[in-house]
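Presented below is the structure to which this report refers.
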DNA sequence: ACTAAAATGTGTTTTTTAACACTATTTTTA
DNA sequence: TAAAAATAGTGTTAAAAAACACATTTTAGT
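Chains as they are written, first to last, in the numbering used here: chain G, 405 to 637; chain X, 405 to 637.
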């Protein structure tokens with residue numbers, strides 16, 4: 405099995421994946437009834453206003469979900485890691501998309517179209533509960549985020565974003581470099597601040613020995629201090 | 405049938421209520437297997453940190469869902485109207501509550517306990533889809549709200565909150581008075597601003613003829629202008 | 001009805017952060 | 001590989017909104 409095939413396979417079998425909740429029969433059905441899409445860095449998966457077509461499951465890569473707000477300023481509202489779900493919120497709410505999804509690195513996606521998805525939910529209550537669990541977790545994240553983005557000061561917001569990126573994508577082998585590479589602008593859009601302030605505050609953290617920077621690489625040097633900044637503001 | 409009984413009955417039959425998706429048999433089951441709770445203004449339904457016990461359906465009244473943030477400043481993240489669901493997000497995410505729910509006026513709630521709820525979902529995929537639809541709608545609201553609360557300026561945020569209250573609770577018989585009475589502090593907590601600024605900005609809107617104020621009564625005098633303030637900032 | 005407490009309202013000061021203007025560096029691409 | 005474009009970085013100014021300090025009014029409890 406090639407590397408690509410192995411990754412693809414895990415999307416159907418990993419217990420982290422929603423698809424692992426399918427019956428053998430359903431699993432088989434989906435294997436023969438889905439679309440597989442490949443995206444390069446900066447490619448658009450869907451955009452604000454589009455009609456949702458189905459459930460997107462990220463097999464490999466990283467995706468940002470954001471909404472354009474006042475004066476072309478984007479707010480990143482979610483970040484997707486492998487086995488994460490996308491494009492289903494609008495579908496289930498019977499709305500058009502209110503956010504856009506863009507690959508931040510090369511990504512592979514499995515798409516299950518609306519009709520098939522509803523069939524799976526109808527047949528399999530465990531699968532339905534998996535969807536419910538995912539939406540509930542997302543809603544919790546969004547509500548927590550609303551509070552911190554509105555109430556914490558710049559340093560607290562940035563520290564929290566760095567911790568969020570660590571929790572979502574983890575470290576590289578060295579156990580301290582964030583396993584995700586974002587532009588300063590994306591970091592700003594995640595943290596509700598201007599790009600200038602993201603740059604400035606990252607530099608301040610580096611100066612204080614909390615993190616260290618080298619291009620887009622961010623290393624957490626003092627996790628405790630970072631937590632404190634995130635919590636205390 | 406008394407007024408109370410009629411309200412209660414509608415919760416099981418109104419097509420706006422999730423319970424209308426139940427089969428006759430299930431409907432009957434729930435009628436005999438639920439708790440009915442009554443709350444006075446300012447009573448706590450559940451609070452941040454509590455273990456979720458079941459699905460709360462608001463039969464009558466109004467409830468605010470909020471989270472205490474930095475320095476005891478609350479952020480209201482949802483407002484519930486009759487037939488609205490509460491307390492189910494944490495339950496489905498297998499978490500403790502991350503928000504608190506407090507009645508803003510006398511309220512009646514129907515509680516379906518976790519076991520029964522899971523049984524209903526297992527048996528009835530339409531009901532499951534109803535839950536999914538509700539979570540998806542809430543998530544959309546939360547994501548939109550995150551963007552406006554972080555990006556709009558005070559006037560835009562307050563205007564949007566007033567429109568939100570109108571959309572949620574509607575007008576009184578006069579067709580222009582908001583059918584909900586909030587303290588200035590609650591309005592501030594809904595709009596991410598200090599109480600002083602909520603008071604000041606409400607006065608400014610009244611001065612400009614956009615709204616008129618009389619105690620906790622808010623009348624929309626110029627909906628078009630209000631929309632413009634909300635949209636343009 | 002009377003008092004204490006809570007909520008509302010207003011002016012001033014201070015803090016935070018965006019906006020702006022620009023340089024330097026890195027990355028694309030022609 | 002040189003030019004152009006995009007990204008990163010820095011200092012300064014301006015705007016927005018919080019914090020603070022009170023006065024006034026309304027509400028709740030005895």
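Cβ coordinates follow ideal geometry from the N, Cα and C atoms, glycine included.
Checking 8 Å against the spacing of the C-beta atoms, do residue 507 of chain X and residue 491 of chain X come in under that value? When the beta-carbon positions are compared, residue 507 of chain X and residue 491 of chain X stay at least 8 Å from each other.
Taking only beta-carbon positions, decide if residue 532 of chain G is within less than 8 Å of chain X. At a cut-off of 8 Å, the C-beta of residue 532 of chain G has a neighbouring C-beta in chain X.
How would you label residue 534 of chain G, buried or exposed, when you count the other beta carbons within 10 angstroms and need 16 or more for buried? Result: buried.
Determine, using beta carbons only, whether residue 495 of chain X and residue 518 of chain X come nearer to each other than 8 Å. Their beta carbons are under 8 Å apart, which means residue 495 of chain X touches residue 518 of chain X by this criterion.
Identify whether residue 503 of chain X lies in helix, strand or coil by the three-state DSSP scheme. Looking at residue 503 of chain X - three-state DSSP - the assignment turns out to be coil, as it is neither helix nor strand.
Can you look up residue 472 of chain G in the DSSP assignment and give me helix, strand or coil? Strand at residue 472 of chain G.
What do you reckon, are the CB atoms on residue 539 of chain X and residue 543 of chain G nearer than 8 Å? In contact: residue 539 of chain X and residue 543 of chain G (Cβ atoms closer than 8 Å).
Return yes when the Cβ of residue 455 of chain G is within less than 8 Å of the Cβ of residue 556 of chain X, no when it is not. Against a cut-off of 8 Å, the Cβ pair of residue 455 of chain G and residue 556 of chain X comes out as no contact.
By the 7 Å beta-carbon criterion, what residues does the region 517 to 551 of chain G contribute toward chain X? For the region 517 to 551 of chain G, the beta-carbon criterion of a distance under 7 Å to any beta-carbon of chain X is satisfied by 525, 526, 529, 532, 533, 535, 536, 537, 539, 540, 541, 542, 543, 544, 546, 547, 548, 549, 550 and 551.
Alpha carbon of residue 604 of chain X to alpha carbon of residue 566 of chain X, nearest angstrom: Straight across, the Cα-Cα distance linking residue 604 of chain X with residue 566 of chain X is about 15 Å.
When the Cα atoms are used, what is the spatial distance from residue 445 of chain G to residue 466 of chain G? Rounded to whole angstroms, residue 445 of chain G to residue 466 of chain G spans 9 Å at the Cα level.
Within 8 Å (strictly less), CB to CB, does residue 554 of chain X reach chain G? Against chain G, the CB of residue 554 of chain X has a partner CB under 8 Å away; the residue lies at that interface.
Is the shortest distance between the beta-carbon of residue 416 of chain X and the beta-carbons of chain G less than 8 Å? No, residue 416 of chain X lies away from the interface with chain G (no Cβ there is under 8 Å from its Cβ).
Starting from the Cα of residue 513 of chain X, find the closest Cα among X:448, X:577, X:574 and X:573 and give me that residue. That would be X:448, whose Cα lies nearest to the Cα of residue 513 of chain X.
Using the beta-carbon of each residue, which ones in chain G are nearer than 8 Å to residue 477 of chain X? Listed along chain G are 555, each with a C-beta nearer than 8 Å to that of residue 477 of chain X.
Could you list which residues in chain X have their beta carbon closer than 9 Å to that of residue 499 of chain G, in chain order? Within 9 Å Cβ-Cβ: 540, 541 and 544.
Selection from X:599, X:436, X:424 and X:574 that minimises the alpha carbon distance to residue 530 of chain X: The option with the nearest alpha carbon to residue 530 of chain X is X:424.
Using a cut-off of 7 Å between C-beta atoms, extract the partners of residue 503 of chain X located in chain G. Per Cβ cutoff of 7 Å: 547.
Which runs of the alpha helix (DSSP H) at least 4 residues long sit entirely within the region 544 to 583 of chain G? Give them in chain order. The region 544 to 583 of chain G contains these whole alpha helix (DSSP H) runs: 558 to 573.
Collapsed DSSP secondary structure at residue 459 of chain G in the structure displayed: Judged by DSSP in its simplified three-state form, residue 459 of chain G adopts strand.
How would you label residue 489 of chain G, buried or exposed, when you count the other beta carbons within 10 angstroms and need 16 or more for buried? So residue 489 of chain G ends up on the buried side.
For residue 503 of chain G, which residues from the same chain have a beta carbon less than 7 Å from its beta carbon, with the 5 sequence-adjacent residues on both sides left out? Result list for residue 503 of chain G: 452, 469, 470, 471 and 481, in chain order.
According to DSSP, what are the bridge partners of residue 489 of chain G? Paired residue(s): G:461.
Closest Cα partner of residue 639 of chain X within the set X:433, X:458, X:578 and X:624: Residue 639 of chain X is absent from the structure shown; chain X starts at 405 and stops at 637.
Which same chain residues end up closer than 7 Å to residue 594 of chain G when comparing Cβ atoms and leaving out the 5 residues on each side of it in sequence? Setting aside the 5 residues that flank it on each side, residue 594 of chain G is surrounded in the same chain by 480 and 565, each with a C-beta closer than 7 Å to its C-beta; the list follows chain order.
Identify every run of the beta strand (DSSP E) within the region 583 to 633 of chain X, keeping only runs that are complete inside it and at least 3 residues long; order them along the chain. Entirely contained in the region 583 to 633 of chain X, the beta strand (DSSP E) runs reaching 3 residues are, in chain order, 615 to 618 and 621 to 624.
Sequence-distant residues of the same chain with beta carbon closer than 8 Å to residue 421 of chain X, five excluded per side: Result list for residue 421 of chain X: 414, 415, 461 and 487, in chain order.
Sheet register partners of residue 383 of chain X (DSSP bridge): Because chain X here runs from 405 to 637, residue 383 of chain X falls outside it and cannot be looked at.
What's the C-alpha gap between residue 611 of chain G and residue 515 of chain G? Taking C-alpha positions only, residue 611 of chain G is separated from residue 515 of chain G by approximately 45 Å.
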